[in-house]
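Notes follow once the structure below has been shown.
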Amino acid sequence: MITELSHATLLVDDLDEALAYYTRVLGFVKRDDVDMGGDGSLADRLAR
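Going by UniProt numbering, the residue at position 47 of the sequence shown is 47; the numbering climbs one at a time, nothing skipped.
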């Protein structure tokens, strides 16, 4: 049985919508923004 999780990567179509869900519904806190490279991809780091 898994009792702890350290890191996970989730690919989403709408970063703003996903961020709202994970912060408002699941109680995560946004830590920072990450530029994922020259193609304009962005990521948010969340913590709980």
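Just so you know, even glycine gets a beta-carbon here, dropped at the ideal spot from N, CA and C. Owing to the predicted nature of the structure, the values given are computational and were not obtained by experimental measurement.
| said: Pop quiz: Val34 and Arg48 are said to be a contact at Cβ under 8 Å. What is the actual Cβ separation, rounded to whole angstroms? | reply: On the sequence shown, position 34 is the one that residue 34 refers to. On the sequence shown, position 48 is the one that residue 48 refers to. That pair is no contact at about 17 Å.
| field | Top-ranked residue by Cα proximity to Arg31, from Gly37, Asp39, Ala43 and Val25 | value | For the purposes of this step, residue 31 is taken as residue 31 along the sequence shown, with counting starting at 1. Nearest option by C-alpha distance: Ala43.
| request: Return the first residue and the last residue of the alpha helix (DSSP H) that Val20 is part of. | output: Along the sequence shown, read from residue 1 onward, the residue named residue 20 stands at position 20. Sequence inspection shows Ala at residue 20; the Val mentioned does not correspond to that position. Counting along the chain, the alpha helix (DSSP H) containing Ala20 begins and ends at Leu15 to Ala20.
| Which of helix, strand or coil DSSP assigns to Arg48 | As a position in the sequence shown, residue 48 is number 48, starting the count at 1. Three-state result, Arg48: coil.
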